[in-house]
Each structure stands twice: as structure tokens, then as C-alpha cells.
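Trainee:
Chains as they are written, first to last, in the numbering used here: chain A, 1 to 320; chain B, 1 to 195; chain C, 1 to 418.
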């Protein structure tokens with residue numbers, strides 16, 4: 001039996017390029033030609049669809065009210081759309097939560113070195129818009145050891161040749177999947193809700209884009225598609241979930257879903273797998289022998305902005 | 001020819017899996033729970049041509065005196081593992097260089113070097129066995145791969161700097177590097193994302 | 001229903017008759033609306049990225065305008081209270097104009113919400129039965145409910161009163177008065193619910209203060225009626241509408257008290273923030289002093305305060321209150337002061353610094369200005385049209401044909417049934 005395929009660390013992989021880095025007069029590689037073709041087709045589609053959504057989509061009911069056959073039709077329609085938009089076959093599932101599972105996440109801030117591999121692994125796994133706008137579900141803050149966890153001395157935009165920098169520590173933030181989520185409370189249409197396994201999800205076809213949830217979230221974990229997401233066909237992850245990483249339309253909110261397309265099938269989220277220092281822990285809080293339970297029982301665990309009583313399922317700890 | 005190769009590969013895979021899982025369970029490398037299956041990652045490669053050590057040390061005289069060596073500069077130049085108090089033969093066995101030894105004198109294979117680390121770093125070993133320390137990949141509800149100490153920590157300069165992906169026997173694994181990791185690009189500021 | 005057709009035809013006639021200044025004003029409003037439509041088509045195509053809103057500052061110009069206009073709509077009540085609660089005749093004759101302003105302001109509010117949404121085509125998702133409103137948890141569902149209810153109430157009141165007056169008939173006080181009195185708590189509730197929208201967010205300490213709802217009411221009452229004061233002077237000159245000076249001065253006096261309350265509550269907030277000096281001071285500091293090199297809002301903060309204080313003095317001192325030059329200056333100043341306070345002074349500092357401590361200095365784009373101009377154009381056009389119809393009815397020149405000859409004394413029309 002071969003060992004399960006290890007995710008690449010991507011330490012040597014070229015980083016996502018900004019358009020300003022493109023060199024004028026550079027011969028177009030086949031990949032880039034395909035990208036431009038797809039982008040042009042995508043732009044045409046966007047112009048057409050900006051006038052209004054399809055009729056079927058307009059009348060689509062809320063996800064929780066869809067009957068199984070209606071859901072199957074909705075998923076098929078999304079796969080069709082993906083093929084039109086990206087020219088690729090995708091598989092969009094809608095796995096439900098498993099009984100007896102309540103996810104917990106642990107982040108070891110004595111280990112995080114601020115390399116941001118998690119940020120980009122998440123982007124690749126979850127089909128975020130790359131540059132117009134650029135959406136990152138994980139935001140890594142560089143903080144000062146002298147000040148501790150102090151947001152008035154936190155830098156999201158740190159640049160360095162080597163991490164960790166002396167005197168600094170790193171504090172990644174993503175959706176905390178709160179047990180008492182202010183975003184769910186404030187959403188006027190019920191487009192976001194908490195699933196039984198703890199993941200706070202969004203029905204992208206129900207969201208009206210009012211952004212109340214973004215104002216309500218204390219962790220800056222919710223992000224908005226200010227424009228049609230920039231996502232090239234070759235960047236697309238075809239393994240998708242309706243409530244998770246399927247390509248989103250413009251004008252809706254999105255956020256970390258604990259890689260719902262992976263975790264509901266038993267796999268670790270992408271960020272957990274790519275972290276080179278093993279700072280991320282994930283598992284079932286209801287299983288007394290899971291890694292996350294062991295963390296909570298043996299380590300000093302705290303939650304971010306505890307005074308707001310959001311009761312996250314995301315725990316920070318110091319292993320040493 | 002085809003089917004026979006198939007059978008052979010199946011047997012080899014079966015044997016390989018036994019070998020992979022065996023030490024984990026037998027030597028207590030990591031503690032599997034009822035629902036978990038733990039798979040050990042490939043160890044990073046030795047320096048080229050250095051193993052088996054006995055190919056040279058079988059014939060060389062055995063000198064246990066602490067000194068600066070004329071050879072093994074690759075390890076000696078970076079040595080920072082309590083360098084003030086320790087030197088090579090505190091871990092490497094004087095009599096048989098193909099193995100390591102614990103403070104009790106008991107011999108330990110290179111593939112079980114974590115036992116050696118655990119002598120002093122017991123808290124890390126306990127955490128590592130539970131999956132709290134160190135990276136794991138795979139399934140939270142099933143088969144997962146755990147990494148050895150030496151996958152991330154160079155035993156001669158163990159303070160973590162960086163890791164890189166390497167391929168050993170056709171399988172991807174990780175090995176420690178002497179350079180720190182370079183962070184991925186910073187996010188674009190909102191004002192850099194104008195229309 | 002020929003009466004209704006006749007009425008509508010008459011309305012159309014009133015709206016299309018006017019002097020040069022009237023048509024210049026209409027032309028200006030239509031131009032603003034055209035700009036708004038052009039700007040909105042850019043936004044509809046590109047998405048809200050055409051604005052300068054980003055994840056860090058996800059509500060800004062549109063929501064700021066919305067908040068201010070809800071206050072203006074609520075302020076109609078400032079006329080209703082003396083008119084119908086205290087039966088003060090000078091204001092009673094003109095209270096309906098306040099309701100017309102409320103209607104126009106509410107239409108602008110709803111438009112600002114629509115242009116701010118990422119998917120306005122899905123607005124039906126908030127409607128009961130066909131949608132799935134998250135009521136009673138979500139404050140926005142309450143807001144949608146009370147704003148539409150208040151709009152409906154005002155429309156009913158206005159249409160009933162005007163139609164009855166047009167017919168030369170007295171209105172039924174038993175129907176009318178309870179509805180009018182209902183509009184008082186409804187007006188307060190619209191603005192309180194809007195305040196609660198921000199107030200309830202623990203994630204934004206700048207808003208998460210109990211003082212927010214009282215501040216909203218105070219600032220609404222001290223700014224909204226200033227439009228009425230200016231309008232009354234215009235109507236007196238243009239239509240020879242008999243509006244007594246005392247009515248205007250009384251409104252100004254009530255506004256002065258509201259201005260005092262507004263400044264007092266501001267002072268209370270500033271004390272709490274600067275004296276306790278917790279980390280939450282950062283938001284207030286960003287607005288009044290700037291943080292690091294980021295000082296975008298600072299000039300506006302002090303301009304708003306200066307305008308509000310000067311306006312307060314002008315309104316408080318009877319001599320300046322009764323001189324129309326200083327009164328009108330005060331109206332402009334308080335309108336500007338509260339507009340800045342509700343928009344830049346409330347929304348932007350609530351988001352700056354962000355929840356993760358980062359600063360994004362926001363300023364609106366041309367598209368946002370264009371769309372806002374269009375929405376204001378629509379609102380003022382609606383108001384102009386409504387006033388153009390209402391004033392002739394109230395004055396007596398626009399009546400139902402069968403009542404045109406031997407018209408009843410004006411005090412019987414638009415008066416309660418004896």
C-alpha cells in the first residue's frame with residue numbers, strides 16, 4: 001500500500017503573479033493563450049449574465065427547502081455552468097453532515113511561522129477569485145511578542161525574505177465557525193446558517209449581497225465578491241460542494257467552510273495538510289481520542305475575542 | 001507478463017504496508033486510535049554515499065575521544081545540537097556506526113531515531129505520538145501519514161528553519177533545510193484593488 | 001371612479017404647469033437622475049467593485065446616505081406632534097408637507113438599499129412566504145418592515161387628506177387622527193430600528209454603544225425639519241401659501257432643543273471614549289485625529305462639529321432664529337453637519353480600523369457620487385411632484401370640478417368633521 005498522496009508544500013512553486021509582473025512583448029505560452037481565451041469567453045458571459053440571472057436560478061428555492069430531485073437538478077445546472085464558464089467537467093456534491101461529528105480546529109501559535117502556505121493552499125482548493133478582487137479566506141497577522149495578541153500592533157501585509165522574523169509571532173485568522181454566530185443572527189434572508197457538524201455555510205444562490213454579515217463578523221472572516229471572480233480554467237478545482245468551493249457568482253458573500261468538500265468525506269482541510277510545521281489540527285470534537293480533543297485536554301487553549309461570546313469552534317493554543 | 005507483474009506489485013505493496021505500519025505499531029512511533037490508521041512517511045535521504053557507515057567504519061580504528069573530525073564536515077559545520085556539551089558519539093554508536101544508541105547504551109536503528117530524540121525531548125515525543133506536535137496529512141477519520149522527527153528537524157542542527165519536498169524511492173516526503181522559509185506574497189491592500 | 005381619473009388628470013396638469021425656475025429645477029433633477037442611471041449601469045456591469053467599498057469597509061457611502069435619510073423621514077414627526085397632539089393651528093395646516101418629505105425620503109432610503117445590494121434581483125428573498133426573512137433575529141428584516149409600514153402609513157395619510165381636501169370635504173377625525181398619532185411611534189421606531197442595525201453588532205465597538213439610538217433620534221430631529229423650513233419660505237413666495245412665521249419659528253425652536261441633545265450626546269460619547277481610553281478609542285481617534293498618516297476623515301469631523309455648533313447657536317438665540325437669513329444659514333449648516341456625522345462620522349469609523357486592526361482609508365468613487373446624485377434626484381423629484389400637487393390643493397386652487405364654483409371656506413376643507 002502506498003502512503004496517501006502527500007500534498008505538495010509548494011515552497012518552490014511560483015507564487016500567484018500579479019498582472020503588473022507580466023512582461024510586455026513576452027510570447028504567449030499555450031497556457032496563457034488558453035487563459036485569455038477563457039477570460040474573453042468569461043467576460044462575454046459575464047456581460048450577458050450581468051443583466052440578470054437565469055430564469056431557473058431566479059425561482060430556485062432556499063437550499064434547505066430543496067427536495068432531493070430539485071437539488072439534483074440544481075447541482076446539474078451548476079456543473080453545466082461550470083462547463084460553459086471554464087470548459088471543464090466538475091463534480092458538485094452536497095454531502096450532508098455526519099451524525100456524531102462536530103468539527104474542531106486547533107491552531108498552534110507557538111509553531112506558526114507565518115509562511116502563508118495555508119492562505120494559498122486554501123485559495124487553490126476553494127476556487128477563490130484571484131485578483132479582481134483578490135479573496136483570501138485565511139489572513140495571517142504578524143504580531144509582536146512584546147505586545148502579545150494585540151490588534152493595534154498587528155500587520156496583515158508583512159513582507160520578509162525569511163520567516164519567522166525576530167521578535168514576531170504569527171496569528172492566522174479565518175472563519176471561527178462560531179457556536180453563537182453573529183453573522184447567522186443578522187442575515188436578513190437566512191442565506192447563512194450553522195450546520196449540525198458546526199460549519200457555518202452560505203447558500204450562494206440565496207444571498208442578496210447586503211453584507212450585514214460582514215459588518216457583524218468580529219473576525220473579518222467573511223469576504224465579498226465585489227466583481228465577477230477572476231478564476232482561470234486551469235486554476236479550477238473540479239471537486240466541489242454546493243455550500244463550499246463551487247465557483248461563486250459576483251455579488252455574494254463567501255468564507256472558510258473548513259473545506260466542507262473534503263472534511264465531510266473524511267479528509268483534512270487543505271490548510272491543515274499544507275502547513276509545513278504542523279501548526280494546524282483538525283478533527284471531531286465528539287471523539288475523545290481525536291487530535292483536537294487531545295489538544296484541548298493537554299494544552300493551554302484560548303479563543304479569539306472571547307469577550308464577544310461567539311464561542312468559536314476554532315481554538316488557539318501554545319504547544320510549548 | 002502483465003498479470004504476473006500485477007500480482008508481484010500487490011505482494012510488494014502488501015509487504016511494504018506491513019513494513020510501514022509495523023514499526024509504527026511495534027515501536028510505539030505514534031498512537032493509533034480505534035478509527036485511525038497511521039502510516040509513516042518516508043524518512044529523508046542520508047547524505048549521498050554515507051550509508052551504510054560500516055562500509056568505511058568497519059575498517060577504521062575506533063576513537064571515542066571528543067575532537068574535531070577530519071571528515072563529515074557536512075554535519076560538523078552546522079552542528080548546533082547542544083554543541084557545548086555534546087558531540088557525535090553521544091548519539092552515534094562507537095562500536096557500530098550503522099546504529100544509534102540511547103544513554104542506557106541500548107542500540108537504536110536510524111529508522112527509530114525518534115526514540116533517541118524522546119530521551120531529552122519527552123514532552124515533544126508525547127505530543128508527537130498524539131498528533132499534537134508535527135504535521136499529519138490524510139484523513140481526520142482514517143488513514144493518515146505522520147512524519148518523523150528527522151523529516152523536519154536536522155538532528156545536527158535541529159532548530160526548525162524550513163522544509164522542502166523531496167522524493168525518496170519515488171515517494172514524496174519532506175526533509176529539513178538550512179534556509180528559513182520565504183513567505184508567500186502578502187495580500188493586496190484594498191486600495192491596491194481599485195477598479 | 002371618474003372622480004379619481006379627474007383627480008389624476010388634474011395632478012398631471014399641476015405638475016406640468018410652472019414657471020422658468022420650476023422647469024430649471026426639474027431639468028436639474030432629471031439631469032441628476034440621468035447621471036445616476038449611467039453610473040448604475042457601470043456598477044451593474046462591473047459589480048460593486050466600481051465603488052471603493054472593499055472587505056475592510058463593506059458599508060460606506062450608500063449606507064451612510066440611507067442612514068441620514070431615514071432620519072429625515074422620521075423627522076416629519078416633529079411637525080405632527082405640535083400639529084395634532086397639541087392642536088397647534090399654525091403647523092397643522094402644513095403638517096402634511098412634512099409627511100410628503102417623509103415619503104420622498106423613504107423612497108430614497110429604499111433606493112439606496114437597492115443600489116448597495118450585490119444581488120438586488122433577489123430582494124424578494126426578504127419578503128415573507130415567498131422568501132425566508134430571518135425575523136425576528138435580523139435587524140434588517142425589522143428595518144424593511146417598519147420602513148415599508150411607515151411609507152405606507154404616510155402615503156395613506158397624505159392621499160386621504162389631500163383627496164378629501166381636493167373634494168372640499170372634511171376628513172373623518174376618527175380615522176385620521178389615530179393614524180396620525182400612530183405615525184409618531186412609527187417614526188421613532190424606524191430610526192430606532194435603523195440604529196439597532198448598527199448597535200447590535202458586537203464586532204464593531206464604535207457602534208456597540210447604548211447611546212447610538214438616542215443619538216440617531218436627536219440628530220434626525222435636528223436636521224430633517226430644516227428642509228421644511230426652507231420649503232415653507234419657498235412656498236410662501238411661490239404660491240402665496242399662508243404659512244405663519246410662528247409656525248416656522250416654532251419648528252426652529254424645537255430643532256434647537258434637538259440640536260442641544262445631539263451635541264450633549266456627542267459630548268457624552270467623546271467623554272467615555274477619551275476618558276476610559278481603552279483600545280476601542282481607536283475608532284473615535286481615527287475620525288477626530290487620524291491614526292498614523294491616515295487622516296482622511298479628520299477635516300470632515302471638525303467641519304461637521306463646527307457646523308452643528310454654529311447652527312445650534314443660530315437656532316438657540318431668538319434674534320438669529322427669527323431673522324430668515326441666519327435661520328436659513330443655520331438650516332444649511334445643520335443639514336451639512338448631520339449629513340457628515342451620519343455618513344462619514346458613523347459608518348466609516350465603525351469599520352476603521354478593521355476587525356483585524358488594519359486601516360483602509362475609504363473615499364467614494366465617481367460611480368458612488370453619480371448613483372447618489374441619481375437617488376437624490378429621484379427623491380427630490382418625487383417631493384417636488386407631490387408638493388406641486390399638494391400645495392394647490394391646500395391653498396384651494398386645485399379642487400374637484402363640482403366644488404370649483406362657490407368653493408367652501410378653506411378652513412372647512414382639510415378640517416375635521418365637526
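Cβ atoms here follow ideal geometry from the backbone N, Cα and C, with glycine treated the same way.
Express the C-alpha separation of residue 256/A and residue 202/A in angstroms, rounding to a whole number.
Mentor: Stepping through the first chain from its first residue, residue 202/A is reached at position 202. Stepping through the first chain from its first residue, residue 256/A is reached at position 256. C-alpha separation (whole angstroms): 10 Å.
Trainee: Relative to the alpha-carbon of residue 337/C, which residue among 322/C, 306/C, 358/C, 318/C has its alpha-carbon at the smallest distance?
Mentor: In the third chain, counting from the first residue as 1, residue 337/C sits at position 337. The residue with the shortest Cα to Cα distance from residue 337/C is 306/C.
Trainee: Mark residue 8/C as exposed unless 16 or more other C-beta atoms lie within 10 angstroms of its C-beta, in which case mark it buried.
Mentor: Numbered from its first residue, the third chain carries residue 8/C at position 8. The residue is exposed, with fewer than 16 neighbouring Cβ atoms inside 10 Å.
Trainee: Work out the CA separation of residue 100/C and residue 68/A for me, nearest whole Å.
Mentor: Taking the first chain and counting its residues from 1, one reaches residue 68/A at position 68. Taking the third chain and counting its residues from 1, one reaches residue 100/C at position 100. Cα-Cα distance, rounded: 50 Å.
Trainee: What three-state label does DSSP hand residue 106/A in the structure shown?
Mentor: On the first chain, residue 106/A is found 106 positions in, with the first residue counted as 1. The answer is strand: DSSP assigns residue 106/A an E or B state.
Trainee: Along chain C, which residues have their Cβ under 7 Å away from the Cβ of residue 228/A?
Mentor: For the purposes of this step, residue 228/A is taken as residue 228 along the first chain, with counting starting at 1. Under the 7 Å cutoff, chain C gives 47.
Trainee: Are the C-beta atoms of residue 133/A and some chain B residue less than 7 Å apart?
Mentor: Working through the first chain from its first residue, we reach residue 133/A at position 133. Answer yes: the Cβ-Cβ gap between residue 133/A and chain B drops below 7 Å somewhere.
Trainee: At least one CB of chain C closer than 7 Å to the CB of residue 194/A: is that the case?
Mentor: Counting from 1 along the first chain, the entry for residue 194/A is found at position 194. False, the Cβ-Cβ gap to chain C never drops below 7 Å.
Trainee: Ends of the beta strand (DSSP E) at residue 138/B?
Mentor: What you label residue 138/B is simply residue 138 of the second chain in a count that begins at 1. That run of the beta strand (DSSP E) goes 136-138.
Trainee: Can you find a CB in chain C that lies within less than 7 Å of the CB of residue 183/B?
Mentor: If you number the second chain from 1, residue 183/B lands on position 183. By this cut-off, residue 183/B is not an interface position.
Trainee: So is residue 282/A in contact with chain B if we call contact Cβ pairs under 7 Å?
Mentor: Within the first chain, residue 282/A is the residue found at index 282, counting from 1. Taking Cβ atoms only, chain B reaches closer than 7 Å to residue 282/A, which makes this a yes.
Trainee: DSSP three-state call for residue 206/A: helix, strand or coil?
Mentor: For the purposes of this step, residue 206/A is taken as the residue at position 206 of the first chain. Reduced to three states, the DSSP call for residue 206/A is coil.
Trainee: Is residue 224/A helix, strand or coil when you go by DSSP?
Mentor: Translated into the one-based positions of the first chain, residue 224/A becomes position 224. The answer is strand: DSSP assigns residue 224/A an E or B state.
Trainee: Pull up the distance between the alpha-carbon of residue 296/C and that of residue 367/C, whole angstroms please.
Mentor: Taking the first residue of the third chain as 1, we reach residue 296/C at position 296. Taking the first residue of the third chain as 1, we reach residue 367/C at position 367. When rounded, the distance between both Cα atoms is 19 Å.
Trainee: What did DSSP end up calling residue 397/C once you bin it into helix, strand or coil?
Mentor: Translated into positions along the third chain, residue 397/C becomes position 397. Looking at residue 397/C - three-state DSSP - the assignment turns out to be coil, as it is neither helix nor strand.
Trainee: Spatial neighbours of residue 330/A within its chain, please: CB distance less than 6 Å, with the 5 preceding and 5 following residues excluded, ordered by chain position.
Mentor: Not covered by the structure: residue 330/A. The range shown for chain A is 1 to 320.
Trainee: Buried or exposed: where does residue 250/A fall if 16 or more other Cβ atoms within 10 Å of its Cβ makes it buried?
Mentor: For this step, residue 250/A is matched to residue 250 along the first chain. Burial call: buried.
Trainee: Where residue 311/C and residue 325/C are concerned, what is the direct C-alpha to C-alpha distance, given to the nearest angstrom?
Mentor: Taking the first residue of the third chain as 1, we reach residue 311/C at position 311. Taking the first residue of the third chain as 1, we reach residue 325/C at position 325. Taking the straight line from one Cα to the other gives about 12 Å.
Trainee: Can you say whether residue 179/B is buried or exposed, counting buried as having 16 or more other CB atoms within 10 angstroms of its CB?
Mentor: In the second chain, counting from the first residue as 1, residue 179/B sits at position 179. Exposed is the call here.
Trainee: Counting beta carbon pairs with one atom in the segment 61-79 of chain C and one in the segment 87-102 of chain C, are three or more of them shorter than 8 Å?
Mentor: Verdict: yes, contact present.
Trainee: With a Cβ-Cβ cutoff of 7 Å, do residue 74/B and residue 47/B count as a contact?
Mentor: Here residue 74/B is taken as the residue at index 74 of the second chain, counted from 1. Here residue 47/B is taken as the residue at index 47 of the second chain, counted from 1. Closer than 7 Å, so yes.
Trainee: If you measure beta-carbon to beta-carbon, which residues of the segment 55-89 of chain C are closer than 8 Å to chain B?
Mentor: Listed by position, the residues of the segment 55-89 of chain C near chain B (Cβ gap below 8 Å) are 55, 56, 57.
Trainee: Is there a Cβ of chain B sitting closer than 7 Å to that of residue 41/A, yes or no?
Mentor: In the first chain, counting from the first residue as 1, residue 41/A sits at position 41. With a pLDDT of 45 at residue 41/A, under the threshold of 50, the predicted position of this residue should be treated as unreliable, though the coordinate-derived value follows. Chain B, which has no Cβ nearer than 7 Å to the Cβ of residue 41/A, makes this no.
Trainee: With DSSP as the reference, label residue 62/B as helix, strand or coil.
Mentor: Stepping through the second chain from its first residue, residue 62/B is reached at position 62. Here residue 62/B sits in coil by DSSP.
Trainee: Within 10 Å of its beta-carbon, does residue 138/C have 16 or more other beta-carbons around it, so buried, or fewer, so exposed?
Mentor: To locate residue 138/C, count along the third chain from 1; it is residue 138. So residue 138/C ends up on the buried side.
Trainee: Sort 15/C, 219/C, 357/C by Cα distance to residue 339/C and report the nearest one.
Mentor: In the third chain, the residue the question calls residue 339/C occupies position 339. Among 15/C, 219/C, 357/C, the Cα nearest to that of residue 339/C is on 219/C.
Trainee: Tell me whether residue 225/C, by its Cβ, gets closer than 6 Å to a heavy atom of the ligand GDP.
Mentor: This structure lacks the ligand GDP, and indeed carries no ligand of any kind.
Trainee: Give a yes or no on whether the minimum CB-CB distance between residue 360/C and chain B is below 7 Å.
Mentor: Reading the third chain from its first residue, position 360 is the one you call residue 360/C. It does; some Cβ of chain B falls within 7 Å.
Trainee: If you measure from the beta carbon of residue 137/A to each beta carbon in chain C, is any gap under 7 Å?
Mentor: Against the first chain, residue 137/A aligns to sequence position 137. No, no contact with chain C.
Trainee: Which residue marks the beginning of the beta strand (DSSP E) containing residue 37/B, and which one marks its end?
Mentor: Taking the second chain and counting its residues from 1, the one referred to as residue 37/B is at position 37. Run containing residue 37/B: 37-40, per the beta strand (DSSP E) assignment.
Trainee: Do three or more CB pairs link the segment 85-92 of chain A to the segment 229-237 of chain A at distances below 8 Å?
Mentor: Yes, since at least three Cβ pairs between the segment 85-92 of chain A and the segment 229-237 of chain A fall closer than 8 Å, the two stretches touch.
Trainee: Alpha carbon to alpha carbon, what distance is there between residue 355/C and residue 206/C?
Mentor: Position 206 of the third chain, counting from 1, holds the residue named residue 206/C. Position 355 of the third chain, counting from 1, holds the residue named residue 355/C. When rounded, the distance between both Cα atoms is 11 Å.
Trainee: Measuring only the C-alpha atoms, how far is residue 43/C from residue 369/C?
Mentor: Within the third chain, the letter at position 43 stands for residue 43/C. Within the third chain, the letter at position 369 stands for residue 369/C. Answer to the nearest angstrom: the Cα atoms are 12 Å apart.
Trainee: At a CB distance below 9 Å, what residues from the segment 93-120 of chain C approach chain A? Give them in sequence order.
Mentor: Going along the segment 93-120 of chain C in chain order, one finds 113, 116, 117, 118, 119, 120 with a Cβ nearer than 9 Å to chain A.
Trainee: Does the structure place the segment 217-225 of chain A close enough to the segment 225-241 of chain C that three or more beta carbon pairs sit under 8 Å?
Mentor: The segment 225-241 of chain C vs the segment 217-225 of chain A: no contact.
Trainee: Note down, in chain order, each residue of its chain lying with its Cβ closer than 8 Å to the Cβ of residue 385/C, except the 5 sequence neighbours on either side.
Mentor: The sequence position of residue 385/C within the third chain is 385, counting from 1. Correct list, in chain order: 15.
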